[in-house]
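Scroll down for the structure; my scribbles are underneath it.
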Amino acid sequence: IISIVAIPLSLIVSIIILKLLGLTINTMSLGGMAIAIGSLVDDAVIDVENVFKRLRENALKSIEVRKNTLVVVYDASKEIRSSIFKATLIIIVAFIPLFFLSGMEGRMLRPLGISFIVSLFASLMVAVSLTPVLCSFMLTNDKMLLNQAQGSWLERWLNRYYRFALEKVMNIKKTVLGLSIVFFIITGFLMFGLGRSFLPEFNEGTLTVSAVSLPGISLNESNKIGNRIENILLSILEISITSRRTGRAELDEHAQGVNAAEIDAPFVLTERNKEEFMKEVRGKLSAVTEANITIGQPIGHRIDHMLSGTRANVAIKLFGTDLSKMFALANQIERNIEGIEGLVDISVEQQIEIPQVQIKAKRNMLAKYGISIGQFTEFIDVAIAGEKVSQVFEDNKSFDLVLRFNDENRGKIENIRNVLIDTNIKPTQQTTKSSILKIPLHYVADIVSTTGPNTINRENVQRKIVVSANVAGRDLKSVVNQIKENVDDNVQFPENYRIQYGGQFESEAKASRILFFTSLMSLLIIFLLLYQEFKNIKFAGIVFLNLPLALIGGVLSIWFTSGIISIPSIIGFITLFGIATRNGILLVSRYQVLQSQGVALYETVIKGSLDRLNPILMTALTTALALIPLAITGDLPGNEIQSPMAKVILGGLLSSTLLNIFIVPVVFYVSNVKKEE
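Basically my numbering = 1-based index in the sequence shown + 104.
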């Protein structure tokens, strides 16, 4: 009961602290608390277990030497206070790399990290303040202590079999250490064979189908294509409703022509999985050859758009100068990658030559009539594109009032040539003092009919065309590597033409580099904290052994589930390294105390391990029980980020706990046996 009380109290304190920090409670901050829930009770469990053990030992003593129960509670709490504090601090330090992430992934994951750290800090406050007080009230009954003096039947059973197993392991130390090294090496090979991805696919329950036909198509024809796509979607069992938007207004932030349509289609999976459902969707929509079709989800589409400007997982950006040559190269790239397994929705950005009116200023004539280039540009911009000057309200709706030339004066080149523009020269025949000379536009500008691209997309001033694609059924990294191989082997780029790979792959590589280097910094800080705790490099190194032990389980959990390392998985490893050191600290700190009391090395290892078996197993069990729901519900909306983290932590916690209670005692004995001799 005392330990369980720590969970709601810690969460309440966490919410209060988050509120004081001006942070909101959202999916990510709740996810941080959910991942931390198992750890919230750990400090209290360790404290309660040690207090209860010391109270039972005190109860077995004669009345003459028995200590006051409050003194026992105080001493027992003080005994493991430093270990609890350092272990919690190490977990917090391990989480620091998350805050170095930049871009969209940093903004998304930062609330999770803050709530996780705040929750751990709150649990530490509860453990060092309230837990000892509750122990002094609820665990000091002499009758209960005498009844529990030898521990529960489960505790006795665990101690008996653990002692037997540990003594057997101590007799084959070299074999055990050798097998551990082999396991770690195998895990390393498995890790390099895992796929890589940026973020797990979100389970939004809605498809977003983007259909882009050739520019210049009429609204009527575009509407026919959109209706055909909607009818295909509605013919699929899981889809019962669709909505479509064709084109966007010229003054919209993301203006699009009528050749672009976006269809949203909510779906409910009942009789089959998502992979089979998506296979049917893509198969049926492949019959629509009049448009480039990309299939995604609302949030996923927007994430892709933020990362690369393209609503697809992979963006191959082709930079050059000549549009027709770039378009030919883009089509060549498309032909060379369309056979890659797992690559779907491949499309080349639609750019074509369309009729245009080119207005080029005659600077000398502008100067003659006293017109600045800024005035000239503003006049053209307002006359042709229009300018919002006010709003009109009608029937509870507001409409922008846009000032521009009428369609007749904007639609014919002769009318544009003869449009009158104000000068800064007064007329020779003065009529009024405010009269201004007006002249035809062709006096100060060359106006010709020509052709040009329907849109000009640039990045860092350079013109670009994008070949985009989605990935399905494979990891992102392996697909991109195969794309690079195919393009490098089969596509020759002229001088001043180049490609750049963007999208989720680029963001994943950048985030992984940041996490790798900042994790090295965190590991160094963790080692320094361990050294400060034990004042012994050897002891700190022994505790550090928990990291490779934890890595084994974390990698295996990915191998047997998704097979893909994503940014949440990497954060799971980082968190795991912090949590795993807790067990090592508990063991080694106990060994250190026993050695300072003059206990023999072998007995130190056996007795110290038995003393810490209960808290190690209890903290591991409570953390695991809290993580299991997150780990097995990754398909539910909202759990996509937390589930990979939970799987890694759960697997690593299992391996580090089981191996820790055998490997650390062996290593401690081997590293100190010569000193004792």
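Idealized CB from N, CA, C, for every residue including glycine.
Original post:
If you drop the 5 nearest sequence neighbours on each side, which residues of the same chain put their C-beta closer than 6 Å to that of I111?
Top reply: Within the sequence shown, residue 111 is the residue found at index 7, counting from 1. Within the same chain, I111 has close Cβ partners L144 and V145.
Original post:
Where does D146 fall in DSSP's three states?
Top reply: Along the sequence shown, read from residue 1 onward, the residue named residue 146 stands at position 42. In this structure, D146 counts as helix in the three-state DSSP scheme.
**OP:** To the nearest angstrom, report how far apart G702 and A198 are at their CA atoms.
**Re:** In the sequence shown, counting from the first residue as 1, residue 702 sits at position 598. In the sequence shown, counting from the first residue as 1, residue 198 sits at position 94. C-alpha separation (whole angstroms): 35 Å.
Original post:
In angstroms, rounded to a whole number, what distance separates the CA positions of L634 and Q696?
Top reply: Position 530 of the sequence shown holds residue 634. Position 592 of the sequence shown holds residue 696. So the two alpha carbons sit approximately 13 Å from each other.
**OP:** Please report the residue range of the alpha helix (DSSP H) in which K383 lies.
**Re:** Within the sequence shown, the letter at position 279 stands for residue 383. Per DSSP, K383 belongs to the alpha helix (DSSP H) from K378 to L389.
Original post:
At which residues does the alpha helix (DSSP H) containing R578 begin and terminate?
Top reply: As a first step, residue 578 is located in the sequence shown; it is residue number 474 there, counting from the start. Looking at the DSSP string, R578 is not in any alpha helix (DSSP H), and its letter there is neither H nor E.
Subject >> Bridge partners - G299, DSSP secondary structure assignment >> reply: Along the sequence shown, one-based indexing puts residue 299 at 195. The partner list for G299 (beta bridge, DSSP) reads I668.
**OP:** Assuming S114 and S223 form a contact by the criterion Cβ under 8 Å, report the distance between their Cβ atoms to the nearest whole angstrom.
**Re:** The residue labelled residue 114 in the question sits at position 10 within the sequence shown. The residue labelled residue 223 in the question sits at position 119 within the sequence shown. Yes, S114 and S223 are in contact; Cβ-Cβ is about 6 Å, under 8 Å.
Original post:
Closest by CA to F203, which one among L213, I194 and I195?
Top reply: Counting from 1 along the sequence shown, the entry for residue 203 is found at position 99. Of L213, I194 and I195, the residue nearest in Cα terms is L213.
Original post:
For the beta strand (DSSP E) that L311 lies in, which residues bound it at each end?
Top reply: Here residue 311 corresponds to residue number 207 of the sequence shown, with the count starting at 1. From DSSP, the beta strand (DSSP E) with L311 extends over T310 to S317.
Original post:
Apart from the five residues on each side of it in sequence, which residues of its chain come closer than 6 Å, Cβ to Cβ, to S219?
Top reply: Within the sequence shown, numbered from 1, the residue matching residue 219 stands at position 115. Result list for S219: S133, G136 and M137, in chain order.
Original post:
When the Cα atoms are used, what is the spatial distance from N574 to I441?
Top reply: Residue 574 sits at position 470 when you count from the first residue of the sequence shown. Residue 441 sits at position 337 when you count from the first residue of the sequence shown. Distance between the alpha carbons of N574 and I441: 12 Å.
Original post:
Between I221 and the rest of its own chain, which residues show a CB-CB distance below 7 Å, the 5 nearest in sequence each way excluded?
Top reply: Residue numbering aside, residue 221 sits at position 117 when the sequence shown is read from its first letter. Correct list, in chain order: I196 and F199.
Original post:
Applying the criterion that 16 or more other CB atoms from any shown protein chain within 10 Å of the CB defines a buried residue, is G704 buried or exposed?
Top reply: By 1-based counting over the sequence shown, the position of residue 704 is 600. The question names Gly, but residue 704 in the sequence shown is Ala. Exposed.
Subject >> Opening and closing residue of the alpha helix (DSSP H) in which T622 lies >> reply: For this step, residue 622 is matched to residue 518 along the sequence shown. From DSSP, the alpha helix (DSSP H) with T622 extends over Q608 to F638.
**OP:** Determine, using beta carbons only, whether S301 and D579 come nearer to each other than 9 Å.
**Re:** Taking the sequence shown and counting its residues from 1, the one referred to as residue 301 is at position 197. Taking the sequence shown and counting its residues from 1, the one referred to as residue 579 is at position 475. Yes, the Cβ-Cβ distance between S301 and D579 is below 9 Å.
Original post:
From P769 to R694, what does the alpha carbon distance come to, in whole angstroms?
Top reply: Mapped onto the sequence shown, residue 769 falls at position 665. Mapped onto the sequence shown, residue 694 falls at position 590. About 11 Å.
Original post:
How would you call T536, buried or exposed, if buried means at least 16 neighbouring beta carbons within 10 angstroms?
Top reply: Counting from 1 along the sequence shown, the entry for residue 536 is found at position 432. Note that T536 has pLDDT 47, beneath the 50 cutoff, so the model's placement of it is unreliable and no number is given.
**OP:** Can you give me the start and stop residues for the beta strand (DSSP E) that D526 sits inside?
**Re:** For this step, residue 526 is matched to residue 422 along the sequence shown. Counting along the chain, the beta strand (DSSP E) containing D526 begins and ends at L524 to D526.
**OP:** Kindly identify the DSSP beta-bridge partner or partners of N396.
**Re:** Numbered from its first residue, the sequence shown carries residue 396 at position 292. In DSSP, N396 forms a bridge with V316.
Original post:
Is it the case that the Cβ atoms of I397 and I333 are separated by a distance below 9 Å?
Top reply: Your numbering for residue 397 matches position 293 in the sequence shown. Your numbering for residue 333 matches position 229 in the sequence shown. Contact: yes.
**OP:** Mind the definition here: the region 414-433 touches the region 590-599 only if three or more C-beta pairs lie below 8 Å; say whether that holds.
**Re:** yes
Original post:
So what's T535 in DSSP terms, helix, strand or just coil?
Top reply: Against the sequence shown, residue 535 aligns to sequence position 431. In this predicted model, T535 has a pLDDT of only 48, less than 50, meaning its place in the structure is not dependable enough to derive any value.
Original post:
Which residues does DSSP pair with K568 in a beta bridge?
Top reply: Numbered from its first residue, the sequence shown carries residue 568 at position 464. DSSP lists F423 as partners of K568.
Original post:
Can you tell me the Cα-Cα spacing of G282 and L660, whole angstroms?
Top reply: By one-based count along the sequence shown, residue 282 stands at place 178. By one-based count along the sequence shown, residue 660 stands at place 556. If you take the alpha carbons of G282 and L660, they lie about 19 Å apart.
Original post:
For E491, which residues of its own chain have a beta-carbon under 6 Å away from its beta-carbon, when the five flanking residues on both sides are left out?
Top reply: For the purposes of this step, residue 491 is taken as the residue at position 387 of the sequence shown. So the qualifying residues of the chain are L507.
Subject >> Interface flag, L270 vs chain D, CB-CB below 9 Å >> reply: Reference to chain D is not applicable here, since this structure consists of a single protein chain.
Subject >> Nearest candidate by alpha-carbon position, reference G309, set L323, L627 and P402 >> reply: By one-based count along the sequence shown, residue 309 stands at place 205. From the listed residues L323, L627 and P402, the smallest Cα separation to G309 is found for P402.
**OP:** Decide if the region 720-728 is in contact with the region 625-640; the criterion is three or more beta carbon pairs, one per stretch, under 8 Å apart.
**Re:** Counting C-beta pairs closer than 8 Å gives fewer than three between the region 720-728 and the region 625-640, which falls short of the contact rule.
Subject >> Sub-9 Å separation of G351 and A364 beta-carbons >> reply: Counting from one through the sequence shown, the residue named residue 351 turns up at place 247. Counting from one through the sequence shown, the residue named residue 364 turns up at place 260. A distance below 9 Å separates the beta carbons of G351 and A364.
**OP:** Drop a sphere of 10 angstroms on the beta-carbon of N718, count the other beta-carbons inside from all chains shown, and report buried for 16 or more, exposed for fewer.
**Re:** As a first step, residue 718 must be located in the sequence shown, where it is residue number 614. The residue is buried, with at least 16 neighbouring Cβ atoms inside 10 Å.
Original post:
How many Å lie between T414 and V571 at the Cα?
Top reply: Counting from 1 along the sequence shown, the entry for residue 414 is found at position 310. Counting from 1 along the sequence shown, the entry for residue 571 is found at position 467. So the alpha carbons of these two residues sit roughly 9 Å apart.
Original post:
Under a three-way DSSP split, which group does K464 fall into?
Top reply: Along the sequence shown, one-based indexing puts residue 464 at 360. K464: strand per DSSP, three-state reduction.
**OP:** Could you pull the start and end residues of the beta strand (DSSP E) that K182 belongs to?
**Re:** If you number the sequence shown from 1, residue 182 lands on position 78. Note, K182: premise wrong, no beta strand (DSSP E); alpha helix (DSSP H) at T173 to A198.
**OP:** Check each candidate in V362, L690, I736 and I669 and name the one with the smallest Cα separation from N558.
**Re:** Position 454 of the sequence shown holds residue 558. Residue V362 is the option with its Cα nearest to N558.
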